[in-house]
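>
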Amino acid sequence: MTPSGGLKIRPADATRWDLVSLGEVMLRFDPGEQRIANTREFRVWEGGGEYNVARGLRRCFGQRTSVVTALADNPVGRLLEDLMLQGGVDLSHLRWVAYDGVGREARNGIYFLERGSGVRGAMGMMDRGHTPISQLKPGEVDWDGLFGQEGVRWFHTGGVMCALSAQSPAVAREAMQSAKRHGVVVSYDCNYRPSLWKTAGGRQGSIDVNRSLMPYVDVLFGHEGDIAATMGESSHGPPWHNDESYAKMSARVTSEYANIKVIATTTRRPKTANRNDWAAFGYADGEIFRSTDYLDLEVFDRVGGGDSFASGLIYGLLEGKGMQWALNCGVAHGALAMTTPGDSSMASLAEVERLMGGAGAGVQR
């Protein structure tokens, strides 16, 4: 039997959705090779940590996915809707909020991101105050109808969603509790963003929220610094791909939260903005798993690499392929996602499997 963390995953034929995500979807403004302050044109994409996982599972891995989110009903919101429709994620749980004409009550989130180059790192700037999803309150989504009547195999949310407002963690908790009632696997990505927590307690604020939600989590995602910080350790994480450090961290997590069955952590060592070492480790069934290493990986756009890792790993576990295969799938998918612009993966399953098999970058004819 291939190790999968002892997850009890509902059969596909008993559910409508393989995965449902809860989170914000924003419009990303990309200046290409220019700087934000100097450019005169931008390319736009949709993006959001939790949504990116649902999109990757749909577009690359052919899974049935939906997203619970909210948008202000104006042309920018409709542009985001159009981009999401192209991504294939179901929008039947998208909530539209009336727009007052100037955005005093609710407006759609946007962000600007420079990819960086060489010694100049990537830099992002967010403008996401008063967004509709940040105003969502407990009791406004029929989670039991979604998880029970429609049927869902896997629910995913994370630290970005929980940082949006004071009531956002309560919304996530309500969703997680309903998911657990209906036998849905719950995954959570710690995904710390300093800008989002700046006025909400900083790193300690995120730790407090993460720890309050851990009792409902089956699968824990994050880079090593996020998970270490959540457990009260150094936020810098262990040395690059140090198996002993990962084993200790996993033991600490599972000793305190026995409900967590799987831990999956990306490891990144930036050498320049365009050249990173990239890998991951996983924990399942009391065993530590180490992924394929991608040393000196050439990066075109690093945003979304972690989300693509999560979608690849979730796909492997949904398909019953075991933790080692799932971990390697996630790392390969994340690596490919960082070769194209935008937050979302543009890779195919065939490309992921070729990379997992050791294929190089030669022309495919």
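Just so we're aligned: 341 in full-length UniProt numbering is position 341 of the sequence shown, and the numbers increase by one with no gaps anywhere.
Heads up, the beta-carbon is just placed ideally off N, CA and C, and yes, glycines get one too.
#1: Between which two residues does the alpha helix (DSSP H) holding Asn210 run?
#2: Label Ser291 either buried or exposed according to how many other C-beta atoms from any shown protein chain fall within 10 Å of its C-beta, with 16 as the threshold for buried.
#3: Taking the C-alpha atoms as reference points, what is the distance between Gly145 and Gly159?
#4: In whole angstroms, what separates the C-alpha of Leu57 from that of Leu355?
#5: Classify Gly118 as buried or exposed, calling it buried when 16 or more other Cβ atoms lie within 10 Å of its own Cβ.
#6: Can you confirm whether the stretch 272-291 touches the stretch 23-31 when touching is taken to mean that 3 or more C-beta pairs between the two stretches lie within less than 8 Å?
#7: Within its chain, find whatever has a CB closer than 8 Å to the CB of Ala359; leave out the 5 residues flanking it on each side and keep chain order.
#8: Should Ala258 be labelled buried (16 or more other beta-carbon atoms within 10 Å of its own) or exposed?
#9: Write down every uninterrupted run of the beta strand (DSSP E) in the stretch 223-278 whose length is 3 residues or greater and which is fully enclosed by it, in chain order.
#10: Find out if the Cβ-Cβ distance for the pair Asp343, Asn108 is shorter than 8 Å.
#11: Apply the 10 Å Cβ neighbour rule to Pro11 and answer buried if 16 or more other Cβ atoms are within range, or exposed otherwise.
#12: Just to confirm, are Leu245 and Ile263 a CB contact at a threshold of 8 Å?
#13: Quick check on Gly333: does DSSP put it in helix, strand or coil?
#14: Count the other CB atoms within 10 Å of the CB of Pro169; is the residue buried (16 or more) or exposed (fewer)?
#15: Return helix, strand or coil for Arg59, following the three-state DSSP convention.
#16: Between Gln177 and Tyr216, what straight-line distance do the alpha-carbon atoms span, to the nearest angstrom?
This is what the structure holds:
#1: Residue mapping note: residue 210 aligns to position 210 of the sequence shown, counting from 1. 202-213 is the extent of the alpha helix (DSSP H) around Asn210.
#2: Taking the first residue of the sequence shown as position 1, residue 291 is located at position 291. With 16 or more Cβ atoms within 10 Å of its Cβ, Ser291 is classed as buried.
#3: In the sequence shown, the residue the question calls residue 145 occupies position 145. In the sequence shown, the residue the question calls residue 159 occupies position 159. Straight-line Cα distance between these residues: approximately 24 Å.
#4: Residue 57 sits at position 57 when you count from the first residue of the sequence shown. Residue 355 sits at position 355 when you count from the first residue of the sequence shown. If I take the Cα positions, the gap works out to 17 Å.
#5: Mapped onto the sequence shown, residue 118 falls at position 118. Burial call: exposed.
#6: no
#7: Here residue 359 is taken as the residue at index 359 of the sequence shown, counted from 1. Here the set comprises nothing.
#8: For the purposes of this step, residue 258 is taken as residue 258 along the sequence shown, with counting starting at 1. Under this definition Ala258 is an exposed residue.
#9: 262-272
#10: On the sequence shown, position 343 is the one that residue 343 refers to. On the sequence shown, position 108 is the one that residue 108 refers to. Not in contact: Asp343 and Asn108 (Cβ atoms no closer than 8 Å).
#11: Position 11 of the sequence shown, counted from the first residue, corresponds to residue 11. Exposed, since its Cβ has fewer than 16 Cβ neighbours within 10 Å.
#12: In the sequence shown, counting from the first residue as 1, residue 245 sits at position 245. In the sequence shown, counting from the first residue as 1, residue 263 sits at position 263. Before going on, a small fix: residue 245 reads as Ser here, not Leu. No, the Cβ-Cβ distance between Ser245 and Ile263 is not below 8 Å.
#13: By 1-based counting over the sequence shown, the position of residue 333 is 333. Note on residue identity: the sequence assigns His, not Gly, to residue 333. Helix, per DSSP.
#14: One-based indexing of the sequence shown puts residue 169 at position 169. So Pro169 counts as buried.
#15: For the purposes of this step, residue 59 is taken as the residue at position 59 of the sequence shown. Looking at Arg59 - three-state DSSP - the assignment turns out to be helix.
#16: Within the sequence shown, numbered from 1, the residue matching residue 177 stands at position 177. Within the sequence shown, numbered from 1, the residue matching residue 216 stands at position 216. Answer to the nearest angstrom: the Cα atoms are 7 Å apart.
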